[in-house]
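Printed below as a string of structure tokens:
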């Protein structure tokens, strides 16, 4: 099987280099990790372990989102541990389904926004309006934080405090 | 030797070979398992078993694998392929010729599977760009790889084994086999170009796209490339001068490999994990299996039978071995076949007054060129088909054989004439 991967890899390198890309092939191990945190909820991650001390962790379920880039392999298991704990906690919420739906909508929105920009010549006013809508959503999230009670204390939020 | 050891040894050997040929279990696993059984059932001792392993063959294979694995990181092969496709101005018939030459030359210096792993992916990209069906190119490359590999001591494992046993060196293979292989190569490529002439047409737009490729971009590490080529040149010079400097080829290859690791400063782990250890262990297992037959006297028995059959005639033996090796190698793995034939021919030739060199050349030619006849005839063919099929193009057994088998027969007719005229 390795031979076929080698062959496929050299075809990719050749095509990408000829397209003008700077290609670095990093050997390592790709991890797919799944946790069944409740009957309805499965949380899954993917990351690449290599000896170059650059690790990319991505959550693939319940919705795809890049988690972070790490310089230490040890941090990955810690982050996954906390993430799974949080989802176990979230699985008890009556709003879980809605939360996942909204997140998926956010994700779809990014893709449709990208299509809009890449396929059409959009005027400045449209961008301004979209920016305003996003600011409104940010404000709504931060306002909601102020009026809601905190349920997880294992670590501090990564982004919410900055907004 | 007790009778039960004799029966057990022959039984283990036959069953192991059947399992290897059936390809139901990985050939390396079954060869090492069979070798283990030989020792467990006291057909031969562990010391005898280890003494049967030809470390010259293994050392040469490992040394060259290290050098090749470092060279391939430099992008040299992609550079050469793009350069030659551009030299051909994107003309498919010329590309087929240039790629065949490139494959044959590379195969003469590297093992065939490695060459195929280098040339086929590049060919697929070039064919994609030129909107061409890659199958004519792949078939030409499979045949060129087997022909090129047959021309040198280091080009194909059967030659490494023959060289290891007989002391025939790099120069002997070049002097005796290269001229024949050049003729066979030219005839094969000319016929292939004629047969595929209708498929070898591309449009101007795709040619222009191909010509926009920049071969210089393919070189990933110029410094490493210079170091690798320097060591490769030194190593090949070492092979050429091996008799003069009285250093066997395995030591030259291993020294070349160690020198390249030293000056390239590449992490040895990174290179050594890419060595085809399955092939190395396969060889080790085979050497023990065949060595068991030697210990049991089976090889001696068959050697006497062959001598009786041929009446000791070198001409008859050469022709029988040439044609039998060709047909067997075109359907079966030539490595176990040659591993068995090498001690057999050695035993036959012991005490003979005439030189057995033509028989050795016949074994080499038959085993190497036989591999061109069918798509399963050599590991390189199987790998090439696998890569091509993953790319969506099917090379059927009979589709390949219809073209390659007659060409193989023609090459063996030429080889027969060559051996009869110059050696017999």
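Protein chains in written order, with this note's numbering: chain V, 15 to 177; chain Y, 65 to 488.
All C-beta atoms in this analysis are idealised placements derived from N, C-alpha and C, irrespective of residue type, glycine included.
So is residue i buried or exposed if we call it buried at 16+ other beta carbons inside 10 Å?
{"i": "residue 432(Y)", "result": "buried"}
{"i": "residue 182(V)", "result": "No statement about residue 182(V) is possible, as the shown extent of chain V runs from 15 to 177 and does not include it."}
{"i": "residue 176(V)", "result": "Low confidence applies here, because residue 176(V) scores a pLDDT of 48, under 50, leaving its location unreliable; read the following figure in that light. So residue 176(V) counts as exposed."}
{"i": "residue 121(V)", "result": "exposed"}
{"i": "residue 424(Y)", "result": "buried"}
{"i": "residue 346(Y)", "result": "buried"}
{"i": "residue 184(Y)", "result": "buried"}
{"i": "residue 326(Y)", "result": "exposed"}
{"i": "residue 186(V)", "result": "Only positions 15 to 177 of chain V appear in this structure, which leaves residue 186(V) out of reach."}
{"i": "residue 455(Y)", "result": "buried"}
{"i": "residue 485(Y)", "result": "exposed"}
{"i": "residue 33(V)", "result": "exposed"}
{"i": "residue 205(Y)", "result": "buried"}
{"i": "residue 284(Y)", "result": "buried"}
{"i": "residue 155(V)", "result": "exposed"}
{"i": "residue 67(Y)", "result": "exposed"}
{"i": "residue 78(Y)", "result": "exposed"}
{"i": "residue 209(Y)", "result": "buried"}
{"i": "residue 115(Y)", "result": "exposed"}
{"i": "residue 133(Y)", "result": "buried"}
{"i": "residue 87(V)", "result": "exposed"}
{"i": "residue 401(Y)", "result": "buried"}
Check this for me: beta carbons of residue i and residue j, under 7 angstroms apart or not?
{"i": "residue 122(Y)", "j": "residue 339(Y)", "result": "no"}
{"i": "residue 263(Y)", "j": "residue 107(Y)", "result": "no"}
{"i": "residue 427(Y)", "j": "residue 389(Y)", "result": "yes"}
{"i": "residue 77(V)", "j": "residue 118(V)", "result": "yes"}
{"i": "residue 380(Y)", "j": "residue 374(Y)", "result": "yes"}
{"i": "residue 112(Y)", "j": "residue 410(Y)", "result": "no"}
{"i": "residue 37(V)", "j": "residue 30(V)", "result": "yes"}
{"i": "residue 177(Y)", "j": "residue 444(Y)", "result": "yes"}
{"i": "residue 219(Y)", "j": "residue 172(Y)", "result": "yes"}
{"i": "residue 198(Y)", "j": "residue 188(Y)", "result": "yes"}
{"i": "residue 75(V)", "j": "residue 60(V)", "result": "no"}
{"i": "residue 233(Y)", "j": "residue 306(Y)", "result": "yes"}
{"i": "residue 194(Y)", "j": "residue 270(Y)", "result": "yes"}
{"i": "residue 224(Y)", "j": "residue 289(Y)", "result": "no"}
{"i": "residue 248(Y)", "j": "residue 478(Y)", "result": "yes"}
{"i": "residue 84(Y)", "j": "residue 94(Y)", "result": "yes"}
{"i": "residue 149(Y)", "j": "residue 202(Y)", "result": "no"}
{"i": "residue 437(Y)", "j": "residue 394(Y)", "result": "yes"}
The alpha helix (DSSP H) that contains residue i, what's its start and end?
{"i": "residue 296(Y)", "result": "286-304"}
{"i": "residue 71(Y)", "result": "67-86"}
{"i": "residue 227(Y)", "result": "221-230"}
{"i": "residue 202(Y)", "result": "199-214"}
{"i": "residue 20(V)", "result": "16-32"}
{"i": "residue 195(Y)", "result": "It is not in any alpha helix (DSSP H) - residue 195(Y) carries neither H nor E in the DSSP assignment."}
{"i": "residue 277(Y)", "result": "From DSSP, residue 277(Y) is part of no alpha helix (DSSP H); its letter is neither H nor E."}
{"i": "residue 382(Y)", "result": "378-395"}
{"i": "residue 157(V)", "result": "138-161"}
{"i": "residue 133(V)", "result": "110-133"}
{"i": "residue 261(Y)", "result": "Looking at the DSSP string, residue 261(Y) is not in any alpha helix (DSSP H), and its letter there is neither H nor E."}
{"i": "residue 96(V)", "result": "87-104"}
{"i": "residue 364(Y)", "result": "362-374"}
{"i": "residue 233(Y)", "result": "Note, residue 233(Y): premise wrong, no alpha helix (DSSP H); not H, not E."}
{"i": "residue 410(Y)", "result": "398-413"}
{"i": "residue 96(Y)", "result": "91-104"}
{"i": "residue 422(Y)", "result": "421-434"}
{"i": "residue 448(Y)", "result": "443-454"}
{"i": "residue 320(Y)", "result": "313-328"}
{"i": "residue 115(Y)", "result": "110-116"}
{"i": "residue 335(Y)", "result": "332-336"}
Could you please give the first and the last residue of the uninterrupted beta strand (DSSP E) stretch that includes residue i?
{"i": "residue 44(V)", "result": "43-50"}
For residue i, list the residues DSSP reports as bridge partners.
{"i": "residue 75(V)", "result": "58(V)"}
{"i": "residue 80(V)", "result": "72(V)"}
{"i": "residue 484(Y)", "result": "According to DSSP, which records beta bridges pairwise, residue 484(Y) is partnered with nothing at all."}
{"i": "residue 63(V)", "result": "43(V)"}
Give the residues of chain C in contact with residue i, contact being defined as C-beta atoms less than 7 angstroms apart.
{"i": "residue 20(V)", "result": "Of the protein chains in this structure, namely V and Y, none is chain C."}
Sequence ranges, beta strand (DSSP E) only - wholly within the stretch 127-181 of chain Y, length at least 3
none
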